[in-house]
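Only one structure is covered here, and it is reproduced in the block below.
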Amino acid sequence: MPEEASHLFEIATPLGFSVRTTTDYWALIESKHPEIAGHRPAVERCLREPDQIRHSKQDNAVYLFYRSYPPHHLCAVTKRLNDDGFVITCYLTDKIKEGEKIWPTSA
374 MPEEASHLFE IATPLGFSVR TTTDYWALIE SKHPEIAGHR PAVERCLREP DQIRHSKQDN
434 AVYLFYRSYP PHHLCAVTKR LNDDGFVITC YLTDKIKEGE KIWPTSA
């Protein structure tokens, strides 16, 4: 099967790069985080319209996109290599991580 056939989504982020994932990788995320199953539109919106974006404390190429998803926050973790962005994982959390907040920027 060609790689293009398994392409699930590609979302333009506020940081100026796009994030993508495949059907197979999305299935892996859903198996590891069953609370995300059926919530792909919310994850896509989190990438497109996050409440905030933070850099990972461990890896400067990793970005954590957060959006309120009461009573939790939805977190979409992405990695950017050159101009190629991809989803690492997604999950619900009670707390936003401590990484450096990079978006939105303060005036």
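In terms of my numbering, the sequence shown is residues 374 to 480. No residue lacks a Cβ here, since even glycine has one placed at the ideal position from N, Cα and C.
Verify whether the separation of the beta carbon atoms of residue i and residue j is less than 9 angstroms.
| i | j | result |
| --- | --- | --- |
| Pro423 | Ala449 | yes |
| Tyr436 | Ile469 | no |
| Leu420 | Ile384 | yes |
| Ala410 | Glu417 | no |
So for residue i, helix, strand or coil by DSSP?
| i | result |
| --- | --- |
| Lys474 | strand |
| Thr396 | helix |
| Ala385 | strand |
| Pro375 | Because the pLDDT of Pro375 is 46, which lies under 50, any placement of that residue in the model is unreliable, and the question is left without a value. |
Closest to residue i by C-alpha separation, out of the options, would be which residue?
| i | options | result |
| --- | --- | --- |
| Ile388 | Pro444, Thr466, Asp456 | First, the residue type needs correcting, since residue 388 is Leu and not Ile in the sequence shown. Cα-wise, what sits closest to Leu388 is Asp456. |
| His483 | Gln431, Lys430, His412 | Absent from the model: residue 483. The displayed extent of the chain is 374 to 480, so no value can be given. |
| Ala415 | Lys474, Leu454, Cys463, Thr396 | Cys463 |
| Thr396 | Leu381, Pro444, Pro407 | Leu381 |
Taking the C-alpha atoms as reference points, what is the distance between residue i and residue j?
| i | j | result |
| --- | --- | --- |
| Met374 | Phe459 | Reliability fails at Met374, whose pLDDT of 39 lies under 50, so the model's placement of it is uncertain and no value is given. |
| Leu465 | Lys452 | 18 angstroms |
| Pro427 | Gly472 | The residue you asked about is not Pro; residue 427 is Arg in the sequence shown. If you take the alpha carbons of Arg427 and Gly472, they lie about 5 angstroms apart. |
| Lys430 | Lys474 | 11 angstroms |
| Arg393 | Ser441 | 21 angstroms |
| Thr478 | Ser379 | 35 angstroms |
| Trp476 | Gln425 | 5 angstroms |
| His406 | Tyr398 | 12 angstroms |
| Pro443 | Leu454 | 31 angstroms |
| task | Please go through the region 419 to 472 and give each complete beta strand (DSSP E) segment of 3 or more residues, from N-terminal end onward. | result | 425 to 428, 435 to 442, 445 to 454, 457 to 466, all fully within the region 419 to 472.
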